Amino acid sequence: MNKLLETLAIPWTRRWSGQVAASAVVFWTLGAYLVLVTGPDRSRGCPARNDGLLVVWCRAERYGTTGLVLTGLLATAAVLGSALVVAASAPRVLELFTSDHRGGPVSRWLLHRALARRRRISRVTPPAVARQPPTPTPDPGLLERLPVVGKRLARRRRLVRAERRRSREVQEERRSSAASAELRRYPRADALLAPTRVGCLLAALTERVEHRHGLDLPLCWELFLAVLPAEPRRRLEDEARRVTVRVQILVWTSAALLWTPLFPGGWRAVWVLAVLLFVRIAHSGLRDAVEVYCDLVEVSVALHRDRMYTALGWTPPESTAAERDLGRALSAYLDGHTSDSRPLTWPDPQPPLPVTLTPGA
Numbered sequence: 188m189n190k191l192l193e194t195l196a197i198p199w200t201r202r203w204s205g206q207v208a209a210s211a212v213v214f215w216t217l218g219a220y221l222v223l224v225t226g227p228d229r230s231r232g233c234p235a236r237n238d239g240l241l242v243v244w245c246r247a248e249r250y251g252t253t254g255l256v257l258t259g260l261l262a263t264a265a266v267l268g269s270a271l272v273v274a275a276s277a278p279r280v281l282e283l284f285t286s287d288h289r290g291g292p293v294s295r296w297l298l299h300r301a302l303a304r305r306r307r308i309s310r311v312t313p314p315a316v317a318r319q320p321p322t323p324t325p326d327p328g329l330l331e332r333l334p335v336v337g338k339r340l341a342r343r344r345r346l347v348r349a350e351r352r353r354s355r356e357v358q359e360e361r362r363s364s365a366a367s368a369e370l371r372r373y374p375r376a377d378a379l380l381a382p383t384r385v386g387c388l389l390a391a392l393t394e395r396v397e398h399r400h401g402l403d404l405p406l407c408w409e410l411f412l413a414v415l416p417a418e419p420r421r422r423l424e425d426e427a428r429r430v431t432v433r434v435q436i437l438v439w440t441s442a443a444l445l446w447t448p449l450f451p452g453g454w455r456a457v458w459v460l461a462v463l464l465f466v467r468i469a470h471s472g473l474r475d476a477v478e479v480y481c482d483l484v485e486v487s488v489a490l491h492r493d494r495m496y497t498a499l500g501w502t503p504p505e506s507t508a509a510e511r512d513l514g515r516a517l518s519a520y521l522d523g524h525t526s527d528s529r530p531l532t533w534p535d536p537q538p539p540l541p542v543t544l545t546p547g548a
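Under the working numbering, the first residue of the sequence shown is numbered 188, with each subsequent residue one higher.
Structure, rendered in structure tokens:
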């Protein structure tokens, strides 16, 4: 299912990785630095302590400018190499978030949470205030018994009660609307439910597209990208890159836990809590980016799905009733396991434009 993102995001990460060539820099710099600091002729005079970093720095310093330059190159190579590793692992991390694998106790626990969350959201019904019996009108007070004052106070009291009742109704309506929007991010079929929020977003997208158009979106994805116009494809690529960047931010934020042993005493717990807070924020940002990407994919399919039929020589569907069957037939045709015979019609090629040669041009 993460194929919907990998197709657009992986080429960008590969181009970036090839430009910096960090793997070669890390390899050669690390090799030269190891040769430099492990030589026995330069180790005399360095403190024989368990502090490995201090000993390495002492040995490198004895080479003067060469050692300092190699140390700087090693630090640069470490930065570039770590960036390369994170960029290369971003699609795999995204696959972990979107995986449909349901084996193991962790996946079962996550699936149970997803089912419980969807059940809680589905329990939110339209405003229940409107079904409640009307509030009885209290007995009029002494002032209300007066002709003029009583009418004004009664009218004001009715207005206040109506405003309070309407405010409760609006609050319930907003709550119901938010729950409906959140429920849309989960697939209706239990078999399609994924252990993670990101996986549920993509599963709900493919379910809606299949229900509306009959298309198996992961199966038709390559064909859809091939016929997609340049501008919508560019927008999809931009959103896919944004998702990939959010994945890298999440990886770097999680890697900050490696610095925990450097903090003294109770500050370690403070650091761990702070990192976990930022990890949660980064994960929320990733989920928001995937939501925007899924909405854009759904709109793009709704606008340009006819291009897939035309490109293959099929006649586009004439009605919404026939579209589902035709979409399923197209998906089976792309899967290569169908014996359905269908006539093909190809559009007439456009005639070449006339060319006028101007003398002396």
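No residue lacks a Cβ here, since even glycine has one placed at the ideal position from N, Cα and C. Computed from a prediction, not measured in an experiment: that's the story for all the values here.
Which listed residue (the options) has its alpha carbon closest to that of residue i
i	options	result
SER269	ILE436, ALA456 and ALA381	ILE436
ARG375	VAL266, ALA301 and ASP522	ALA301
LEU444	PRO503, ALA456 and ARG433	ALA456
LEU392	LEU410, ARG371 and CYS407	ARG371
LEU406	ALA368, LEU340, ARG279 and ARG515	ARG515
ARG307	THR263, ASP527, TRP296 and SER367	SER367
LEU423	ALA461, GLU369, LEU483 and ARG467	LEU483
ARG492	TRP296, PRO416, LEU257 and ALA390	PRO416
ARG305	ALA265, GLY453, GLY523 and GLU369	GLU369
ARG428	ALA476, LEU464, ARG529 and TRP454	ALA476
Residues near residue i in its chain [Cβ-Cβ closer than 6 Å; skip 5 each side]
i	result
ALA519	THR525
ARG494	VAL414
VAL486	none
TYR480	GLU426 and VAL430
ALA498	VAL414
VAL462	ALA443 and LEU444
ALA390	PRO374, LEU379 and ALA381
GLY472	ARG433
Inter-residue CB distance, residue i and residue j (contact presumed, cutoff 8 Å)
i	j	result
GLY386	PHE284	6 Å
LEU298	LEU380	6 Å
LEU513	GLY401	7 Å
GLU394	ASP403	Rounded, the Cβ-Cβ distance is 11 Å, inconsistent with contact.
THR447	TRP458	6 Å
VAL311	ARG362	6 Å
LEU388	GLU478	6 Å
SER309	PRO382	Wrong, their Cβ atoms sit about 19 Å apart, outside the cutoff.
ARG474	ARG384	5 Å
Residues near residue i by beta carbon distance below 8 Å, same chain, minus five either side
i	result
VAL500	The residue you asked about is not Val; residue 500 is Gly in the sequence shown. Closer than 8 Å at the Cβ level, and outside the excluded window around GLY500, lie LEU531, THR532 and TRP533.
ASP377	LEU302
THR507	none
ASP527	ALA516, ALA519 and TYR520
TYR496	THR502, PRO503, PRO504, LEU513 and LEU517
Exposure label - residue i; buried when at least 16 CB within 10 Å
i	result
GLN206	Below a pLDDT of 50, predicted positions are generally treated as unreliable, and GLN206, at 46, falls in that range; the measurement from the model is reported next regardless. Counting Cβ neighbours within 10 Å, GLN206 comes out exposed, since fewer than 16 surround it.
THR252	exposed
VAL434	buried
TYR373	buried
VAL488	buried
ARG342	exposed
THR502	exposed
TRP408	buried
ARG601	With the chain covering only 188 through 548, there is no way to say anything about residue 601.
ARG421	exposed
ASP228	Annotation note: pLDDT 49 at ASP228 (below 50); position unreliable, coordinate value reported separately. By the neighbour-count rule (16 or more Cβ atoms within 10 Å), ASP228 is not buried but exposed.
LEU261	buried
ALA264	buried
GLU460	The displayed chain sequence assigns Leu, not Glu, to residue 460. Exposed is the call here.
LEU255	exposed
ARG529	exposed
LEU271	buried
Sequence-distant residues of the same chain with beta carbon closer than 7 Å to residue i, five excluded per side
i	result
HIS470	LEU437
GLU510	HIS400, GLY401 and PRO504
PRO314	The predicted position of PRO314 is uncertain, since its pLDDT is 45 and thus under 50; a value taken from the coordinates is nonetheless stated next. Same-chain partners within the cutoff: GLU356, GLU359, GLU360 and SER363.
LEU521	LEU406, CYS407 and LEU410
ARG344	none
VAL273	GLN435, VAL438 and TRP439
Closer than 7 Å: residue i CB and nearest the ligand FAD heavy atom
i	result
CYS387	As presented, the structure is devoid of all ligands, the ligand FAD included, so that no description of it is given.
Residue-chain proximity (residue i, chain B), Cβ-Cβ < 8 Å
i	result
VAL466	In the structure shown, chain B cannot be found, because there is only a single protein chain.
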